[in-house]
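Student:
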Amino acid sequence: MGDAPGPAGPAAPLLIACALGIEHLALRTGRTRAGAAPGPVTVLRTGMGPKAAETAVARALGEGRSLGAAVIASGFCAGLAPGMHPGDLVVADETRDAGQPVTCTGAGLLADALARAVPGRTVHTGPLTGSDHVVRGHERAELRATGAIAVDMESAATLRSALRSGPRPVAAVRVVVDAPEHELVRIGTVRGGISAFRVLRAVLPAFYEWHRSLLLPRR
Numbered sequence: 003m004g005d006a007p008g009p010a011g012p013a014a015p016l017l018i019a020c021a022l023g024i025e026h027l028a029l030r031t032g033r034t035r036a037g038a039a040p041g042p043v044t045v046l047r048t049g050m051g052p053k054a055a056e057t058a059v060a061r062a063l064g065e066g067r068s069l070g071a072a073v074i075a076s077g078f079c080a081g082l083a084p085g086m087h088p089g090d091l092v093v094a095d096e097t098r099d100a101g102q103p104v105t106c107t108g109a110g111l112l113a114d115a116l117a118r119a120v121p122g123r124t125v126h127t128g129p130l131t132g133s134d135h136v137v138r139g140h141e142r143a144e145l146r147a148t149g150a151i152a153v154d155m156e157s158a159a160t161l162r163s164a165l166r167s168g169p170r171p172v173a174a175v176r177v178v179v180d181a182p183e184h185e186l187v188r189i190g191t192v193r194g195g196i197s198a199f200r201v202l203r204a205v206l207p208a209f210y211e212w213h214r215s216l217l218l219p220r221r
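Going by the working numbering, the sequence shown opens with residue 3, and the numbers climb by one from there.
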């Protein structure tokens, strides 16, 4: 699939989709610190896995108030590239799964906004691949060999479902919670999980900046 055509319309809403309760908590608490949004914002907890994400996003975008909404898939991910650390940010330039890749809207702008919103954290840009299960060991190396820089279970399904509901800007931003040299045992029980939570809580200003840029008239 190509880049989502055109900007969101005036006062178009922003839908931020995540899978887990801890991701939802981070994003919702981050809203209280993020300042004013350029339009209506919904943080949607989809449930875990690609099927749950696809169903929840389709349902949310089928409601009239979400017509033309921009969509960001967010939450945690597993880093694939050597040198990644928990708390690093991943901005997808495309998402991949068994179907055609989805090109993300304004990845460079979003990466720059995140660098300002979360100073001191490394921002990686590249392909984000999908899986229907937690990836470890040799599978991680195999996915890295495809050129992907990170993997999660919901982003590709979220964006595919969003575009199936109509043309719109789409993006995916993930926080690395484990990486090749820093495998996680359980979210929230180790330092890496806590670091990733704090970073995810801080991303909303960048999301708003990206969304605001879509609402500006094109010259």
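Even glycine gets a Cβ: it sits at the ideal position worked out from N, Cα and C. Bear in mind the structure is a predicted one, so any value in this text is a computation, not a measurement.
Return helix, strand or coil for LEU46, following the three-state DSSP convention.
Tutor: The residue given as residue 46 occupies position 44 in the sequence shown. LEU46 falls in the strand class under three-state DSSP.
Student: If we ignore side chains and look at the alpha-carbon of each, how far apart do HIS87 and HIS126 end up?
Tutor: Taking the first residue of the sequence shown as 1, we reach residue 87 at position 85. Taking the first residue of the sequence shown as 1, we reach residue 126 at position 124. Computed Cα separation, rounded: 11 Å.
Student: DSSP three-state call for ALA14: helix, strand or coil?
Tutor: Translated into positions along the sequence shown, residue 14 becomes position 12. Of the three classes helix, strand and coil, the one that applies to ALA14 here is coil, per DSSP.
Student: For ASP99, name the three-state secondary structure that DSSP assigns.
Tutor: Taking the first residue of the sequence shown as 1, we reach residue 99 at position 97. DSSP places ASP99 in coil when its eight states are reduced to three.
Student: Which of the three DSSP states is assigned to ALA94 in this structure?
Tutor: Numbered from 1 along the sequence shown, position 92 holds the residue referred to as residue 94. Three-state result, ALA94: strand.
Student: Where does THR148 sit, in a helix, a strand or coil, going by DSSP?
Tutor: As a position in the sequence shown, residue 148 is number 146, starting the count at 1. In the structure shown, THR148 sits in coil (DSSP, three-state: anything other than H, G, I, E or B).
Student: Skipping 5 residues on each side, what residues in its chain have a beta carbon closer than 7 Å to that of ASP134?
Tutor: Locating residue 134 in the sequence shown gives position 132, counting from the first residue. Around ASP134: GLY51, PRO52, MET155.
Student: For a test of the three-state rule: what should DSSP assign to HIS126, helix, strand or coil?
Tutor: Mapped onto the sequence shown, residue 126 falls at position 124. Note: HIS126 maps to strand in three-state DSSP.
Student: Whose CA, out of GLY85, HIS140, THR131, HIS213, lies closest to the CA of ARG170?
Tutor: Numbered from its first residue, the sequence shown carries residue 170 at position 168. Of the candidates GLY85, HIS140, THR131, HIS213, the one whose C-alpha sits nearest the C-alpha of ARG170 is HIS213.
Student: Pull up the distance between the alpha-carbon of ARG200 and that of ALA28, whole angstroms please.
Tutor: Translated into the one-based positions of the sequence shown, residue 200 becomes position 198. Translated into the one-based positions of the sequence shown, residue 28 becomes position 26. ARG200 and ALA28: Cα-Cα distance of roughly 7 Å.
Student: With which residues is SER157 paired in a DSSP beta bridge?
Tutor: Here residue 157 refers to the residue found at position 155 of the sequence shown. The partner list for SER157 (beta bridge, DSSP) is empty, contrary to what the question assumes.
Student: What residue range is occupied by the uninterrupted beta strand (DSSP E) comprising ARG214?
Tutor: Stepping through the sequence shown from its first residue, residue 214 is reached at position 212. That residue, ARG214, is in no beta strand (DSSP E); its alpha helix (DSSP H) goes 206-217.
Student: Look up THR131 in the DSSP assignment and give the residues it is bridged to.
Tutor: Numbered from its first residue, the sequence shown carries residue 131 at position 129. According to DSSP, which records beta bridges pairwise, THR131 is partnered with ARG98, VAL153.
Student: Restricting to runs no shorter than 3 residues, where is the beta strand (DSSP E) found entirely within the stretch 14-39?
Tutor: Counting whole runs of 3 or more residues, the stretch 14-39 contains the beta strand (DSSP E) stretches 16-20.
Student: Within 10 angstroms of the Cβ of GLU25, are there 16 or more other Cβ atoms? Answer buried if so, exposed if not.
Tutor: The sequence position of residue 25 within the sequence shown is 23, counting from 1. Buried: at least 16 other Cβ atoms inside 10 Å.
Student: Can you tell me whether ARG138 is helix, strand or coil according to DSSP?
Tutor: As a first step, residue 138 must be located in the sequence shown, where it is residue number 136. Note: ARG138 maps to coil in three-state DSSP.
Student: By how many angstroms is the C-alpha of ALA208 removed from the C-alpha of GLY101?
Tutor: For this step, residue 101 is matched to residue 99 along the sequence shown. For this step, residue 208 is matched to residue 206 along the sequence shown. Taking the straight line from one Cα to the other gives about 29 Å.
Student: Hey, quick one: how far does the beta strand (DSSP E) through VAL172 stretch, first residue to last?
Tutor: Counting from one through the sequence shown, the residue named residue 172 turns up at place 170. Segment 172-180, the beta strand (DSSP E) holding VAL172.
Student: Under three-state DSSP, which class holds SER163?
Tutor: One-based indexing of the sequence shown puts residue 163 at position 161. Reduced to three states, the DSSP call for SER163 is helix.
Student: Starting from VAL59, trace the alpha helix (DSSP H) in both directions and tell me its first and last residue.
Tutor: Counted from its first residue, the sequence shown places residue 59 at position 57. 52-63 is the span of the alpha helix (DSSP H), which, as asked, contains VAL59.
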